[in-house]
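Participant: Quick one: the structure is below, and I'll ask about it shortly.
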Amino acid sequence: MKVSTLLSLLPTAALAHDLLSVAFFAKEKTQLLDFVSDNEHIDYGCRPVVIPSNNEHKLHAMLTEEQVHHYRRSLDAGAIRVETLDHLNKRQTATAPIGKGDRFKGGKVAPRGLGNQKPDVYGSYQRAGILNADEVYTALKGLEKEYGLELFKAPYKTFEGNTVWGGVANKAEKIKKGKQHIYFTSGIHARERGGPDNLIYFISDLLYANKHRKGLTYGNKTYTNSDVKKALGAGIVFIPMTNPDGVRHDQANSNLWRKNRNPASSVSGINASVGVDLNRNFDFLWNFTKHFDPSVSPASTNSSSQAFYGTAPFSEPETRNMKWVYDIFPKIRWFIDVHSAAGTLLYSWGDDINQSNDPKQSQFNPAYDGKRGVVNDTLYREYIEEEDWYNIELQANRTTAAMVSVGGRTYVPQQAVGLYPTSGASDDWASSRWYGDKKLNKVHGYTLEFGYPTNFYPTAEEYVQNIIDTNAGFMEFILTADEIGLKDERNE
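Position 169 (the sequence shown) corresponds to 168 in numbering that gives the first Met the number 0; numbering is contiguous.
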């Protein structure tokens, strides 16, 4: 099935309330794969993700009302149909507010998480709203003042001159490089509101609980003070807002801005052409026109696309900052890049289906250039060591189970390639480093997509629930990482 008339969707130029959350339904997963191939211009969120739905499969997207009418007229109803998701669209008109002023008073007040407070305080968090970009920084300063959290300033300033800040949370007061094995980042896609908050409040919970010798409770999930100490003992490096330019722009305009604000490749008069999709800018099969089958497009060379990959791997200061962390903290073993909105935890690989039989079928083998990314074929599948495969699936299963147990929302563990391949993603690049150079520490990379599909602007109630869900997930992730192993014995 091919749609001959393609309508341009540029949500970066539209207000959030001009777009509708929709789902395309089909009996077979392959039908939706073909649809994505023919309609790459549609905004599918972070990446196209297919979710089983009764006896069908569904693919979430965001469309204008005009586009909804177009697809209802042009689609073969016997194969694929599109439906607006009224329960999501109603929520889109009642999004959580962006915080005004500075609730942390320039760093004089430390943030408090939800894991050691009763539910009756949730209303105050809902009313205060999502942290504004300045508050992300003052929250870090507050944690530094209250608990001695060590902060660091990444070396590369953004196009608009913003500094990217991070922190290091350990059980020991004195930070020793090489003792940090967990790495969390958020805010790479600007419109995915609440991601920085999830990390800030989680670290706040750990530090408060450690200081006051308490445990943590997230809905139906409870962790002891021993769990808290074990989590901090793993050593956590985190950057809560990797794309401050984009976040500031999105918060000021509510236009579902995804990319950074680098105008180097922009076209005069086309607002959507500003910026790079930072999660297509990492050095993992970045040159997709060379490495992938020509029938797939895991990123885009078009600067107006939501998935524009930039001018070179790590062309952007934001991605270079994320890379720099691995140089400063060389023993990082487990990594999560926090996104929304899908309700999934994705593990490598994202370019093709996993296999553990043929090491020659590798991202580093030029013999397979032009053959990767066709998900349903058997010509190429991405090699992963069998033990790694087992461990990353175990981690994904346990983390999502913890998140589901919090309050019953659905979170699905799945391989990142899913319906359609991606290139240049942060999680795949992190995982690929050891496969390309055995002298480097092995890292297991993940993408956590919290919340409901395509609902990038949560309501106040969802905002709080997202904090609770992700914080339980972060805790379970660290404890499972500790159980599986924080160190690569071959490199110790």
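Note that beta-carbon positions come from the ideal geometry of N, C-alpha and C, so glycine has one too. It should be emphasised that the depicted structure is a prediction, and the values quoted were computed from it without experimental measurement.
Using only alpha-carbon positions, find the residue among Ala78, Thr446, Trp433 that is nearest to Thr421.
Facilitator: On the sequence shown, residue 421 is found 422 positions in, with the first residue counted as 1. Of the listed residues, the one whose Cα sits closest to Thr421 is Thr446.
Participant: Give the DSSP-derived three-state secondary structure of Asn219 in the structure shown.
Facilitator: What you label residue 219 is simply residue 220 of the sequence shown in a count that begins at 1. Correct three-state label for Asn219: coil.
Participant: Figure out for me which residue from Lys117, Lys486, Leu19 has the closest Cα to the Cα of Asn219.
Facilitator: Within the sequence shown, residue 219 is the residue found at index 220, counting from 1. Of Lys117, Lys486, Leu19, the residue nearest in Cα terms is Lys117.
Participant: Measure the CB-CB distance between Val373 and Asp292 and report whether it falls below 8 Å.
Facilitator: Taking the sequence shown and counting its residues from 1, the one referred to as residue 373 is at position 374. Taking the sequence shown and counting its residues from 1, the one referred to as residue 292 is at position 293. For Val373 and Asp292, yes; Cβs fall inside 8 Å.
Participant: Use the C-beta contact count for Asn375: other C-beta atoms within 10 angstroms, 16 or more gives buried, fewer gives exposed.
Facilitator: By one-based count along the sequence shown, residue 375 stands at place 376. With a 10 Å radius around the Cβ and a threshold of 16 neighbouring Cβ atoms, Asn375 comes out exposed.
Participant: Go ahead and pull the three-state DSSP assignment for Ser272.
Facilitator: Along the sequence shown, read from residue 1 onward, the residue named residue 272 stands at position 273. Note: Ser272 maps to helix in three-state DSSP.
Participant: Mind checking who Ser20 pairs with in its DSSP beta bridge?
Facilitator: Translated into positions along the sequence shown, residue 20 becomes position 21. DSSP, once it has assigned bridges, lists Met61 as partnering Ser20.
Participant: Which residues in the same chain have their Cβ closer than 7 Å to the Cβ of Leu344, if we skip the five residues on either side of it in sequence?
Facilitator: For the purposes of this step, residue 344 is identified with residue 345 of the sequence shown, where counting begins at 1. Contacts found: Ala395, Thr398, Thr399, Tyr410, Pro412, Tyr445, Leu447.
Participant: Near Tyr367, which residues of its chain fall below 6 Å by C-beta distance, leaving aside the five closest residues on each side in sequence?
Facilitator: Here residue 367 refers to the residue found at position 368 of the sequence shown. Excluding sequence neighbours, Tyr367 sits near Tyr379.
Participant: Tell me the start and end of each unbroken alpha helix (DSSP H) in the region 124–199 that is at least 4 residues and wholly inside, in chain order.
Facilitator: Within the region 124–199, the complete alpha helix (DSSP H) runs of at least 4 residues fall at 132–146.
Participant: Determine the direct distance from the alpha carbon of Ala401 to that of Glu475, and round the result to whole angstroms.
Facilitator: Here the question's residue 475 lines up with position 476 in the sequence shown. Here the question's residue 401 lines up with position 402 in the sequence shown. Distance between the alpha carbons of Glu475 and Ala401: 7 Å.
Participant: Given that a residue counts as buried once 16 or more other Cβ atoms are within 10 Å of its Cβ, and exposed if not, what is Lys241?
Facilitator: Here the question's residue 241 lines up with position 242 in the sequence shown. It is Thr, not Lys, that sits at residue 241 in the sequence shown. Buried.
Participant: Ignore the nearest five residues each way along the sequence and tell me which others in Asn161's own chain have a CB closer than 7 Å to its CB.
Facilitator: In the sequence shown, residue 161 corresponds to position 162, counting from 1. Excluding residues within five positions, the ones whose Cβ falls inside 7 Å are Pro243, Asp244.
Participant: My parser needs the beta strand (DSSP E) runs of 3 or more residues fully inside the region 228–297; what are they?
Facilitator: 235–238
Participant: Can Val163 and Glu315 be called in contact, C-beta distance under 8 Å?
Facilitator: On the sequence shown, position 164 is the one that residue 163 refers to. On the sequence shown, position 316 is the one that residue 315 refers to. Cβ atoms of Val163 and Glu315: not closer than 8 Å.
Participant: In this structure, does DSSP put Ser3 in helix, strand or coil?
Facilitator: Along the sequence shown, read from residue 1 onward, the residue named residue 3 stands at position 4. The predicted model places Ser3 with a pLDDT of 32, which falls under 50 and marks its position as unreliable; any figure quoted below should be read in that light. Coil, per DSSP.
Participant: Buried or exposed: Pro51, going by 16 or more other Cβ atoms within 10 Å of its Cβ?
Facilitator: The sequence position of residue 51 within the sequence shown is 52, counting from 1. It is exposed - the Cβ of Pro51 has fewer than 16 other Cβ atoms within 10 Å.
Participant: Which class does Arg408 belong to by DSSP, given the choice of helix, strand or coil?
Facilitator: One-based indexing of the sequence shown puts residue 408 at position 409. Coil at Arg408, not helix or strand.
Participant: Per DSSP, which residues does Phe307 bridge with? Please list them.
Facilitator: One-based indexing of the sequence shown puts residue 307 at position 308. In DSSP, Phe307 forms a bridge with Ser299.
Participant: From Leu188 to Tyr121, what distance separates their C-alpha atoms?
Facilitator: Reading the sequence shown from its first residue, position 189 is the one you call residue 188. Reading the sequence shown from its first residue, position 122 is the one you call residue 121. With the sequence shown as reference, residue 188 is identified as His, and Leu is not the correct amino acid for it. Taking the straight line from one Cα to the other gives about 26 Å.
Participant: Say whether the region 190–207 touches the region 460–467, bearing in mind that this needs 3 or more beta-carbon pairs closer than 8 Å, one atom from each stretch.
Facilitator: yes
Participant: Classify Tyr325 as helix, strand or coil using the three-state DSSP reduction.
Facilitator: For the purposes of this step, residue 325 is taken as residue 326 along the sequence shown, with counting starting at 1. Shown here, Tyr325 sits in a helix according to DSSP, grouped into three states.
Participant: Tell me Glu82's beta-bridge partners as DSSP assigns them.
Facilitator: Residue 82 sits at position 83 when you count from the first residue of the sequence shown. Ala22.
Participant: Just how far apart, CA to CA, sit Glu385 and Leu215?
Facilitator: Residue 385 sits at position 386 when you count from the first residue of the sequence shown. Residue 215 sits at position 216 when you count from the first residue of the sequence shown. Roughly 34 Å between the two C-alpha positions.
Participant: Where does the unbroken alpha helix (DSSP H) through Ser355 begin, and where does it stop?
Facilitator: As a working mapping, residue 355 is identified with position 356 in the sequence shown. Neither: Ser355 is in no alpha helix (DSSP H) and is coded neither H nor E.
Participant: For the beta strand (DSSP E) containing Val337, list its first residue and its last residue.
Facilitator: Counting from 1 along the sequence shown, the entry for residue 337 is found at position 338. From DSSP, the beta strand (DSSP E) with Val337 extends over 333–339.
Participant: Counting C-beta neighbours from all protein chains within 10 Å, is the total for His290 16 or more, i.e. buried, or is it exposed?
Facilitator: The residue you call residue 290 lines up with position 291 of the sequence shown. Answer is buried; the Cβ neighbour count reaches 16.
Participant: Buried or exposed: Gly141, going by 16 or more other Cβ atoms within 10 Å of its Cβ?
Facilitator: In the sequence shown, the residue the question calls residue 141 occupies position 142. Label assigned to Gly141: buried.
Participant: With a 10 Å radius around its C-beta and 16 neighbouring C-beta atoms as the bar for buried, classify Phe23 as buried or exposed.
Facilitator: As a first step, residue 23 must be located in the sequence shown, where it is residue number 24. When all chains shown are included, Phe23 counts as buried.
Participant: Taking the continuous alpha helix (DSSP H) assigned at Glu482, which residues delimit it?
Facilitator: Here residue 482 corresponds to residue number 483 of the sequence shown, with the count starting at 1. Boundaries of the alpha helix (DSSP H) around Glu482: 459–483.
Participant: Measuring only the C-alpha atoms, how far is Asn470 from Phe281?
Facilitator: For the purposes of this step, residue 470 is identified with residue 471 of the sequence shown, where counting begins at 1. For the purposes of this step, residue 281 is identified with residue 282 of the sequence shown, where counting begins at 1. Spanning the two alpha carbons is a distance of roughly 26 Å.
Participant: Can you have a look at Leu150 and say buried or exposed, based on whether 16 or more other CB atoms are within 10 angstroms of its CB?
Facilitator: Stepping through the sequence shown from its first residue, residue 150 is reached at position 151. Burial call: exposed.
Participant: Rounded C-beta distance between Ala429 and Ala233? I'm assuming under 8 Å.
Facilitator: Locating residue 429 in the sequence shown gives position 430, counting from the first residue. Locating residue 233 in the sequence shown gives position 234, counting from the first residue. Contact doesn't hold; Cβ gap of about 17 Å is too wide.
Participant: Quick one: what's got a C-beta closer than 7 Å to Val405's C-beta in the same chain, skipping five residues either side?
Facilitator: Position 406 of the sequence shown, counted from the start, is the residue given in the question as residue 405. Exclusion of the five residues before and after Val405 leaves Tyr217, Gly218, Asn219, Lys220, Ile467, Asp468, Ala471 as the residues of its chain whose Cβ lies within less than 7 Å of its Cβ.
Participant: Grab the span of the alpha helix (DSSP H) containing Leu31 for me, first residue to last.
Facilitator: Along the sequence shown, one-based indexing puts residue 31 at 32. Residues 28–37.
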